[in-house]
Amino acid sequence: MRRADEAGQGTLEAAFAIPVLFILMLLLIQPGIILYDRMVMGAAASEGCRLLATKGASYGSMDGACEAYIRHRLASIPQHDCFHVHGGSCSWQITLDGGEASGQVSVKITNEVHPLPLFDVATVLLGMTNSRGNLEVTVEATMPVQPDWVASAPAGTDPSAWIGAWCDDE
Numbered sequence: 016m017r018r019a020d021e022a023g024q025g026t027l028e029a030a031f032a033i034p035v036l037f038i039l040m041l042l043l044i045q046p047g048i049i050l051y052d053r054m055v056m057g058a059a060a061s062e063g064c065r066l067l068a069t070k071g072a073s074y075g076s077m078d079g080a081c082e083a084y085i086r087h088r089l090a091s092i093p094q095h096d097c098f099h100v101h102g103g104s105c106s107w108q109i110t111l112d113g114g115e116a117s118g119q120v121s122v123k124i125t126n127e128v129h130p131l132p133l134f135d136v137a138t139v140l141l142g143m144t145n146s147r148g149n150l151e152v153t154v155e156a157t158m159p160v161q162p163d164w165v166a167s168a169p170a171g172t173d174p175s176a177w178i179g180a181w182c183d184d185e
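Sequential numbering from 16 applies to the sequence shown in the numbering used here.
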């Protein structure tokens, strides 16, 4: 049996708890957005490394095609300022390094993200933003052009030496 002085207690608790829950949800959205950006950027950087490692010297400079391929992969990130600042000029900065002839390849991708409310004030106060008030998200992938077992193989890294190399073992 309820007492008269407890009437409305649930309403009062809900009036306090609901705004707190909404603020907690807002605080989880920004890290989720940055995590999504980093996952897509990391996958695009890894695919770009694989593409750089397989481009041959006979194709000349394919950096433009590699960058276009990476930008196509990055298109899955929405062009909204809280995911990717796209106003005026695109904020993607893609740096390609290496090729098939080098020992390793690397791709570095930098993006700008406009912080959500509640985060924008905190990031400015903590000095985490750039001069435009945006967060910078950077991902870099580096991988060897050839796996270790290729370099240690008796035929070496010369493709012409691999032709028929299995016949020499008998």
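Glycine residues also receive a C-beta, built at the ideal position from the N, C-alpha and C atoms.
Do residue j and residue i come within 9 Å of each other at the CB atom, strictly closer than that value?
i	j	result
Ala130	Thr144	For clarity, residue 130 is Pro in the given sequence; the question names Ala instead. Yes. Within cutoff.
Asn126	Ile178	no
Cys97	Val128	yes
Val120	Ile85	no
Met158	Ala68	yes
Ile38	Leu133	yes
Ala59	Ile124	yes
Ala170	Gly57	no
Can you tell me the Cα-Cα spacing of residue i and residue j, whole angstroms?
i	j	result
Pro162	Arg65	12 Å
Ser106	Gly118	30 Å
Val136	Asp112	36 Å
Ser61	Leu36	37 Å
Glu26	Ile33	Per the sequence shown, the amino acid found at residue 26 is Thr instead of Glu. Taking the straight line from one Cα to the other gives about 10 Å.
Pro174	Ala90	36 Å
Gly23	Gly47	36 Å
Tyr51	Leu42	15 Å
Thr172	Ala83	29 Å
Lys70	Gly148	38 Å
Leu190	Val55	Coverage of the chain is limited to positions 16 through 185, which leaves residue 190 absent and any answer about it impossible.
Ala168	Ala176	11 Å
How is residue i classed by DSSP in three states: helix, strand or coil?
i	result
Ala168	coil
Leu111	strand
Ile85	helix
Ser175	helix
Val154	strand
Gln94	coil
Val136	helix
Ser61	helix
Val35	helix
Val128	strand
Pro159	strand
Val55	helix
Quick test of your reading: residue i and residue j, contact by CB under 8 Å. State the CB separation rounded to the nearest angstrom.
i	j	result
Val154	Arg88	No, Val154 and Arg88 are not in contact; Cβ-Cβ is about 12 Å, not under 8 Å.
Glu115	Val165	Not a contact, Cβ separation roughly 12 Å.
Val152	Ile49	6 Å
Gln94	His101	4 Å
Under 9 Å between C-beta atoms, does residue i make it to chain B?
i	result
Asp78	This model lacks chain B altogether, as it is built from one protein chain only.
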